[in-house]
Structures are given as C-alpha cells and as structure tokens.
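A.B. asks: Please find one structure pasted underneath; my questions will follow.
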Amino acid sequence: MRRWGLAAAACLALAALATGLTLANPFGQPDPNEQPGTTASTKADGFVLQAYAATSNTLLEPGEDGTVVFSRDMGYSASSDYYDQDGCYTGCLFGVQGDGIVGVQASTSRGQLYRYTYEEFKVGDEPEKWREALSWDPTRRGRGAYYGAYDNVQPARTDSSQGSDDPDSVVQVRLAKKLGSTIDVDMAPGTSGDYYFGLWTNDPYETGRDPGEAAIDLFDGETLTVTVEFEDGSTATKVIALHAADMKAAWTDSGMGSAQGWEVLPETADRNALQEGESYVHTLYGVVTDENDGPFPGSLEQANELEDAPEPPAALSSEPSAIPEKDQDGNDFALQASNVLDSQGKALLAEANQTFERGNGTTYCADGNGTFEITNVHAKRLAQLPEGVSVLDTNVVKYGDLAYFNKCQREERGFAVTEDGRIEGAYAFVAVSMDVANTDDAQAFKNTSQFSKLVLRNEDGRCLILNAPLLYSDWWGHDRASEGFETRTALAAGEKRRMTQVFAAPAGCLHDSGLLFVVYDSFTSVPQNENYHAFAIGGLG
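Right, dumping it as structure tokens:
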C-alpha cells in the first residue's frame, strides 16, 4: 500500500477521545432495498467505521445495526463564487477503529475523499501561523510557509470569550488535503485513531440552493466502501449506503480542546416543525449494506492520485474595465460639462462631525473631521512607480507578497507589477498630485484611501467609473514590520500640503479627453452634479 505523505505533526492523537455518542437507529426500519451484511462472525466485526465530530474532537459510536450518522463541520461552508474550482468539503468525517489495523483503503462513488487533520495552539506562540490561517482563501491555495501543502484551511476559535488576536487565545486550524476518489493509506498499529477522512464534491447542483447543503444531497444514494488490513495480513470490508437527512443539532462552545460549531444529535428533524430553541443540520447518515472478509473490491491503481501537491488555486473572475456611475435612483449619472473643473478649480470636502453648506443643501459626513480644499490638480502617466517608491510602499503589502498581488491583478484586471516597480499588461500608472488644505481653525484628519476615483465622461455626460485601484499615496503611514497602513492623516489648522496618489488604470482610456479625477466627501459618494468634484485630467496618451 502507498503511504499518505503529509507531516504527522499536523495530526493529533485523537484515539483517546473515542468515547463518543452512542446512537440508536433514529431512522426506523432500514430501506428494504438495502440488505444488511451477514450476522455471522466475520473479520469485519473487528473494525468499526465511526463518524468524527470536529467541533468536539470526538468519535461518534455507530448504532447497534452499524448505522453511522455523520457530524458535519460547518466550518467548511462552500462558496458559490468558487464552487466549480473549490467544491464543497462537506465536513462529513469518518475514521476506522479496531485492534491491529495497519492500513485502510476506501472509495466513494461520487466526488473524492480528503484527509482531515487539525492543529491547536496559542496565538501568542504561533502568531505568524495564525495570521496565515486567518488570511487563507481558495485563491491563496498552494501559498504560505505553514499551510501551502493543503487544499483547504479553516481557522477556528476554541473559546468565544477570547478575541482571535488575544495572545492567550487557544485556536484551531482545520486542514484538508484531497487524496482522490480512492485512497490507500498505511498506518502503524494502534494509530488508526489519528486518521480521519471526509467527502468532497464539486458536481453541479440545483441553481439557487446553498452549495453546502446542496452538496450533501448529491451524496444521497451514493456508496462509501471501506477496507482495513490487519497486522496478520487479513482484511475486512464494509459497504455503506449514504443518505441525506435533517438532524437535530446543538451549539457547542466548550472551550479548551473543542471549537465552536453545531454538534449533530442522534435524532431526525423536521425543519418546518422545530420548536423554539431547536436547530438542525443537513447531513449524511450511512447504512452498512455488506460486510465481508474480502480485500478491497476495487482497483487501487489510481489511489491517492492527488496526494503529492495541493490543487491549483481558485481563479478570480475577470472584471470589466469600467462600470456606469449610478445616481441614488439607480439611473446612469450624467455630469454637466459646466461642472467639470480645470486644474486650478477648487473642491471643498466636508468630513465627519461637520455640517457643510453648499448648493444642494446641508451635508453630514461620517468619517474624519474638518473641511478640506482640493486644488492645483495635475496628472501624468507613468510606466514605473515614482522615484523612491518601492512595491513594498504600495498596496501590495496588503496581499502578503508581490506574487499573490500579481495573481489577483492578472485575473481580475490584466496587469502585473514587477519587483522594480514597472507595470505590465493592459494598464498604466496614473499619478495625480494635488494641494490639500485644512480650511478650519482646528486640526483635522483626512482619510486618504477612500475619497477619490478615476472616471471617464462620455460626450453625452454619462460617467463610467474606471476599474483603477489606488495603489499608493505619499500620505500613507506605512509600518513594514506590521504590514499595516494608517490612512487618516492629520493637518493642522490652515495647513496646506501636497499629496500624490498613484492609480493603476486601463491604458486604453488614458488618452480620452473625458478622463476625470473625482474627489468626494467621506459620506456623500452618491453622485449629484452639486457634489461631484471632477477635475479634467484627460489626454494622458
């Protein structure tokens, strides 16, 4: 048999937790079309297939007739955005228990099997590891110093009274690595309790449904076949028919050694007739339809075919280069030509806790404070970041590294930035410089990340918002050690300061004479002709 190759350190010894929930059969009589296995004493009596509850780190004992109710780790909720690529890790986990087991083979008639492990540690002991787990999503698969070898990574708190950044908080990181539709796993005698496997699929499901719940129904009527090998070379096999059902569930948050989540109870539920305080989980249960002393009945030639490397990262969807600007009624916004400012025009921006009178009435804003005057606006096209600005001074650091930033930008917008700060692809840098003055008689703060955008005004006045992310502002306070940005900048009373912002913008739009640099109050971003502060910057070539 081939050995599954992830590091054993990631797999905690859970066999001691095997005193789980004893299930009477909650489903009445078995399906008459599903014939139970022989009642004669067989080697198959020497092992038990058990569901594993990740939320409580316990094994759940099967019913007297071998019925297995799968607890479902709801942490592995499927995303409709990434379902085709990432699928659904159902959280329906199982393991095998028995004396002298040295290997397990298994197959599923739908989807694939993955191995589940978890790590538990204090945030203060492993801050970088926890930070990587918190930032994980399917687009990052294959990246990272700690979890790059896994297909799915789910951070979980074990105590809701402690914050996720509390250094004394004990946390879990739940890990999944797909192996294939057939697995063949060696194990040392006495360690079968360290191995848990789950069901995965990305098969199409009914439109409009929650993908996680719909994926459970895809396994209804499918078959799970499990064979174990013992130290003496003998084997035993069980064939399990899978069914979907609503099961009653209770919320668990029991602190150390257990993570928050829904714990499945051994009782079916009618979701339309739940009493106050009752909940349910849509999950799977399995009925043993055959058990024998034979070897694994299928081919092992393709077993563990996915074990050697993580699956490719999920790709982001391509975004349009521009979208229509909409007014408060959802109609296309048209800007009158007379309201377009030249470079020496002036825009007055109100910030939070201030009332500001202008032509369209009184405006209240909810971010920052003070009143600012924007003028002397100039723009230029660049092929490289401004002199003295490195990629680590830009928004790149929020992505963790340049490679991941470029992956996202290529997929969404079609550009990338090189290590020396050059831009490649269908985009160019646009550097916009302006004077910003605090016109109040007290110190005021300006949010420099969310007050501007690039817009293209058509001949009929209709405006299109360019897909032009802000990558850099020379007002950003940047602490490279913490990779954090401070985007609120203080200006003293009457102070005027020059500010430069650098955008990545679709190159094909920059020559247009209708190109605008638009600034807006922190609270009044819904466009009106009276508050749409648009500076003409077109003709950048």
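Be aware that the sequence shown starts at 1230, since it is given in this note's numbering, and climbs by one per residue.
Glycine residues also receive a C-beta, built at the ideal position from the N, C-alpha and C atoms.
The structure presented is a predicted model; accordingly, all values stated were derived computationally and were not measured.
1) DSSP three-state call for residue 1475: helix, strand or coil?
2) Can you name, in chain order, every residue of its own chain whose Cβ lies under 6 Å from the Cβ of residue 1402, other than the five neighbours on each side?
3) Could you tell me the alpha carbon to alpha carbon distance between residue 1622 and residue 1314, rounded to whole angstroms?
4) Got a sec? Which residues, its chain only, sit under 7 Å from residue 1748 by beta carbon, not counting five neighbours each side?
5) If you check the beta carbons only, do residue 1324 and residue 1281 fall under 9 Å apart?
6) Buried or exposed, going by whether 16 or more other CB atoms sit within 10 Å of the CB of residue 1750?
7) CB-CB under 6 Å to residue 1469, same chain, minus the five flanking residues each way: which ones, in chain order?
8) Whole angstroms are fine: how far does the CA of residue 1743 sit from the CA of residue 1693?
9) Could you give the DSSP three-state label for residue 1418: helix, strand or coil?
10) Would residue 1708 be called buried (16 or more neighbouring beta carbons within 10 Å of its own) or exposed?
11) Between the C-alpha atoms of residue 1307 and residue 1738, what's the straight-line distance to the nearest angstrom?
12) Mapping DSSP to helix, strand and coil, what is residue 1653?
13) Kindly confirm or deny that the segment 1722–1736 and the segment 1525–1533 touch, where touching means at least three C-beta pairs closer than 8 Å.
14) Can at least three beta-carbon pairs, one atom from the segment 1321–1335 and one from the segment 1405–1422, be found at a separation below 8 Å?
15) Please give me, in chain order, every unbroken run of the beta strand (DSSP E) with length at least 3 that falls completely inside the segment 1392–1469.
16) Does the beta-carbon of residue 1687 have 16 or more other beta-carbons within 10 angstroms, so that it is buried, or is it exposed?
17) Hey, quick one: how far does the beta strand (DSSP E) through residue 1361 stretch, first residue to last?
18) Under 6 Å Cβ to Cβ from residue 1569, same chain only, skipping five residues before and after it: list those, please.
19) Identify every residue that forms a DSSP beta bridge with residue 1602.
20) Please state if the CB of residue 1456 and the CB of residue 1341 are separated by a distance shorter than 9 Å.
21) Can you say whether residue 1338 is buried or exposed, counting buried as having 16 or more other CB atoms within 10 angstroms of its CB?
22) Roughly how many angstroms separate the alpha carbons of residue 1770 and residue 1388, rounded to a whole number?
23) Going by the beta-carbon positions, is the gap between residue 1691 and residue 1542 smaller than 9 Å?
24) Return the CA-CA distance between residue 1297 and residue 1360, expressed in angstroms with no decimal places.
25) Considering only C-alpha positions, which residue in the set 1620, 1553, 1640 and 1675 is nearest to residue 1755?
26) Report the residue from 1398, 1367, 1346 and 1460 whose alpha carbon sits nearest the alpha carbon of residue 1352.
27) Give the DSSP bridge partners of residue 1762, in chain order.
28) Please work out which residues of its chain come closer than 6 Å, Cβ to Cβ, to residue 1630, disregarding the five sequence neighbours upstream and downstream, and give them in chain order.
29) Can you tell me which residues form a DSSP beta bridge with residue 1514?
30) Consult DSSP for residue 1278 and reduce its assignment to one of helix, strand or coil.
31) Any contact between the segment 1544–1552 and the segment 1638–1646? By contact I mean 3 or more CB pairs, one from each, below 8 Å.
32) Grab the span of the alpha helix (DSSP H) containing residue 1314 for me, first residue to last.
33) For my contact list, residue 1445 and residue 1319 are in at a C-beta cut-off of 8 Å; report their separation, rounded to the angstrom.
34) For residue 1610, which of 1733, 1410 and 1625 has the nearest alpha-carbon?
35) Starting from residue 1349, trace the alpha helix (DSSP H) both ways and give me its first and last residue.
36) Can you give the Cα-Cα distance for residue 1562 and residue 1660, rounded to whole angstroms?
C.D. replies: Here's the rundown:
1) strand
2) 1348, 1362 and 1384
3) 33 Å
4) 1576, 1578, 1603, 1680, 1681 and 1762
5) yes
6) buried
7) 1453, 1515 and 1517
8) 10 Å
9) coil
10) With a pLDDT of only 48 at residue 1708, under 50, the local geometry of the prediction cannot be trusted, and the value read off the model is given with reservation. With fewer than 16 Cβ atoms within 10 Å of its Cβ, residue 1708 is classed as exposed.
11) 38 Å
12) strand
13) no
14) yes
15) 1399–1409, 1411–1415, 1425–1430 and 1452–1459
16) exposed
17) Where residue 1361 is concerned, there is no enclosing beta strand (DSSP E), although the alpha helix (DSSP H) it sits in stretches over 1356–1364.
18) 1763 and 1765
19) 1577 and 1666
20) no
21) exposed
22) 57 Å
23) no
24) 36 Å
25) 1553
26) 1398
27) 1748
28) none
29) 1298 and 1472
30) strand
31) yes
32) 1312–1315
33) 6 Å
34) 1733
35) No alpha helix (DSSP H) contains residue 1349, which is instead part of the beta strand (DSSP E) from 1341–1351.
36) 26 Å
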